[in-house]
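Asks: Attaching a single structure in structure tokens format; questions to follow.
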Amino acid sequence: MAKAKQRSSSASQRREEVKKQRQQRISSSQNRQSQPRGSGRGRSKQKQRPWGLVVGTLLIIAAVIGVFIYLSHQSAGTGTGGGNTGSTPTSPSVLNAVTHVSPTILANVGTGGQQKILVSLKGGSPSILLGPRGKPEFFYMGAEYCPFCAAERWAVVVALSRFGTFSKLNQTTSSATDVYPNTPTFTFYQSTYTSQYIDFVAVEETTNQPDGSGGYTTLQTPTAEQQNLISKYDGPPYLSSASSIPFIDIGNQYVMQGANYSPDILSGHSWQDIAHDLSNSNSPVTKGIVGSANYLTAAICLATNQQPASVCKADPVPQIEQSLGKSAFNAGGAQVGLGAPLSQAVIRRPE
Numbered sequence: 126m127a128k129a130k131q132r133s134s135s136a137s138q139r140r141e142e143v144k145k146q147r148q149q150r151i152s153s154s155q156n157r158q159s160q161p162r163g164s165g166r167g168r169s170k171q172k173q174r175p176w177g178l179v180v181g182t183l184l185i186i187a188a189v190i191g192v193f194i195y196l197s198h199q200s201a202g203t204g205t206g207g208g209n210t211g212s213t214p215t216s217p218s219v220l221n222a223v224t225h226v227s228p229t230i231l232a233n234v235g236t237g238g239q240q241k242i243l244v245s246l247k248g249g250s251p252s253i254l255l256g257p258r259g260k261p262e263f264f265y266m267g268a269e270y271c272p273f274c275a276a277e278r279w280a281v282v283v284a285l286s287r288f289g290t291f292s293k294l295n296q297t298t299s300s301a302t303d304v305y306p307n308t309p310t311f312t313f314y315q316s317t318y319t320s321q322y323i324d325f326v327a328v329e330e331t332t333n334q335p336d337g338s339g340g341y342t343t344l345q346t347p348t349a350e351q352q353n354l355i356s357k358y359d360g361p362p363y364l365s366s367a368s369s370i371p372f373i374d375i376g377n378q379y380v381m382q383g384a385n386y387s388p389d390i391l392s393g394h395s396w397q398d399i400a401h402d403l404s405n406s407n408s409p410v411t412k413g414i415v416g417s418a419n420y421l422t423a424a425i426c427l428a429t430n431q432q433p434a435s436v437c438k439a440d441p442v443p444q445i446e447q448s449l450g451k452s453a454f455n456a457g458g459a460q461v462g463l464g465a466p467l468s469q470a471v472i473r474r475p476e
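Using our numbering, the letters of the sequence shown correspond one by one to residues 126 to 476.
See the structure below:
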């Protein structure tokens, strides 16, 4: 009897032990099954986190770039820059008229009765000024508010268009509060010009928008090299007034400041009016613009060694070149545009 009880107790213990071991195996198996899945999910999440950071970073960068692009267009109107220029794209008809003046008109106008204000630098034997592409440089310094710059830009565009092409040129006006207010013109800020004969480099220092302190909003700043050029030639003994605009240097061969004709000629005219007049050689507008352009063309031809011949040998260029051989500076006096008092001919650059 005692042996039976002992066997029964031992069997019960074994069953309990087996049951316990089975439960342990089941529990262990469940742990092994759940742990890889859990750790797998953990690894999956770790792999996803870097991708999430990369995507998030790219989205932030794209948003920042978008904001900068938007603000640049809002602040500059036609491009990036220091302020709102108030300029708009030039109408195709106006651009075509000013860049394709008839050779007959050019020849008939001649100097247009304009006096010579280009000054030769040959007496000082300066090295030729070369532009960014290694061609003789036509350097222009002006400002959008300046009415004399406004007048002379028309002539510059006509002249340069004989040597190359403006593919982008916006229109604007001079200051509404300066002398000869709202003179219709163009801006060389962000203009696009290509030529195989000459490099055109322009600096428009300010917009035509007041900055609230009595001046105008800064647009472009001359480089150190350009400033050295201005300091050397934009003033006595070469020109009448120190640091005045507009200032033009054609290959370090000829310089000028001021406009070759009065902005008053353009008063009351729209861009379309002026463009239309360029087909009439008897118009005072055409005589002013084309006469000045012919002087610039002759100076450019001397800087490019008479290239292209189709331009430089066409009337009235050869005749005007003869008059440029001896400048008023070489004759003993500096020159100023318009033959008018200094305050009426040029604008002094702000210090």
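Even glycine gets a Cβ: it sits at the ideal position worked out from N, Cα and C.
Got a sec, what are the start and stop residues for the beta strand (DSSP E) Pro335 sits in?
Replies: Per DSSP, Pro335 belongs to the beta strand (DSSP E) from 331-335.
Asks: Spell out the partners DSSP gives Lys293 in its beta bridges.
Replies: Partner(s): Thr317.
Asks: Sort Thr348, Val223, Ala301, Gly339 by Cα distance to Cys271 and report the nearest one.
Replies: Ala301
Asks: Would you give the residue range spanned by the beta strand (DSSP E) that Gln382 belongs to?
Replies: Taken as a continuous stretch (DSSP letters only), the beta strand (DSSP E) holding Gln382 covers 379-382.
Asks: Return the chain-ordered list of same chain residues with a C-beta closer than 6 Å to the C-beta of Ser316, the five sequence neighbours on each side being excluded.
Replies: For Ser316, where only same-chain residues beyond five positions count, the Cβ hits under 6 Å are Lys293, Leu294.
Asks: From this set, Ser404, Trp396, Val410, which residue's C-alpha is nearest Phe311's C-alpha?
Replies: Trp396
Asks: Which of the three DSSP states is assigned to Leu231 in this structure?
Replies: If DSSP states are grouped into helix, strand and coil, Leu231 belongs with the helices.
Asks: With DSSP run on the structure shown, which of helix, strand or coil describes Tyr358?
Replies: DSSP places Tyr358 in helix when its eight states are reduced to three.
Asks: Given this structure, state the Cα-to-Cα distance separating Ser406 from Thr236, to the nearest angstrom.
Replies: 11 Å
Asks: Taking C-alpha atoms, which residue in Leu344, Gly337, Tyr322, Asp336 lies nearest to Glu330?
Replies: Leu344
Asks: Mapping DSSP to helix, strand and coil, what is His401?
Replies: Correct three-state label for His401: helix.
Asks: Could you pull the start and end residues of the beta strand (DSSP E) that Gly267 belongs to?
Replies: For Gly267, the enclosing beta strand (DSSP E) covers residues 262-267.
Asks: Go through its chain and collect everything with a Cβ distance to Pro409's Cβ below 6 Å, but skip five positions before and after it.
Replies: Ile390
Asks: State the DSSP-derived secondary structure class of Ser448, mapped to helix, strand or coil.
Replies: helix
Asks: Using CA coordinates, which residue listed in Lys247, Ser245, Leu255, Tyr379 is at the minimum distance from Glu350?
Replies: Leu255
Asks: Distance, Cα to Cα, Tyr363 vs Leu246?
Replies: Our two residues, Tyr363 and Leu246, have alpha carbons roughly 8 Å apart in a direct line.
Asks: DSSP on Asp374, reduced to helix/strand/coil?
Replies: strand
Asks: Determine the closest residue to Asn430 out of Thr411, Ile253, Arg278, Ser368, with distance taken between C-alpha atoms.
Replies: Relative to Asn430, the option among Thr411, Ile253, Arg278, Ser368 whose CA is nearest is Ile253.
Asks: Out of Ser356, Ile414, Pro433, Gly340, point me to the one whose CA is closest to Pro347's CA.
Replies: For the residues Ser356, Ile414, Pro433, Gly340, the minimum Cα distance to Pro347 belongs to Ser356.
Asks: What does the alpha-carbon distance come out to for the pair Thr332 and Asp359?
Replies: 21 Å
Asks: Are the CB atoms of Val226 and Leu403 within a distance shorter than 8 Å?
Replies: Contact: yes.
Asks: Quick check on Ser216: buried or exposed, where buried means 16 or more other Cβ atoms within 10 Å of its Cβ?
Replies: exposed
Asks: How many angstroms separate the CA atom of Cys426 from the CA atom of Thr298?
Replies: 30 Å
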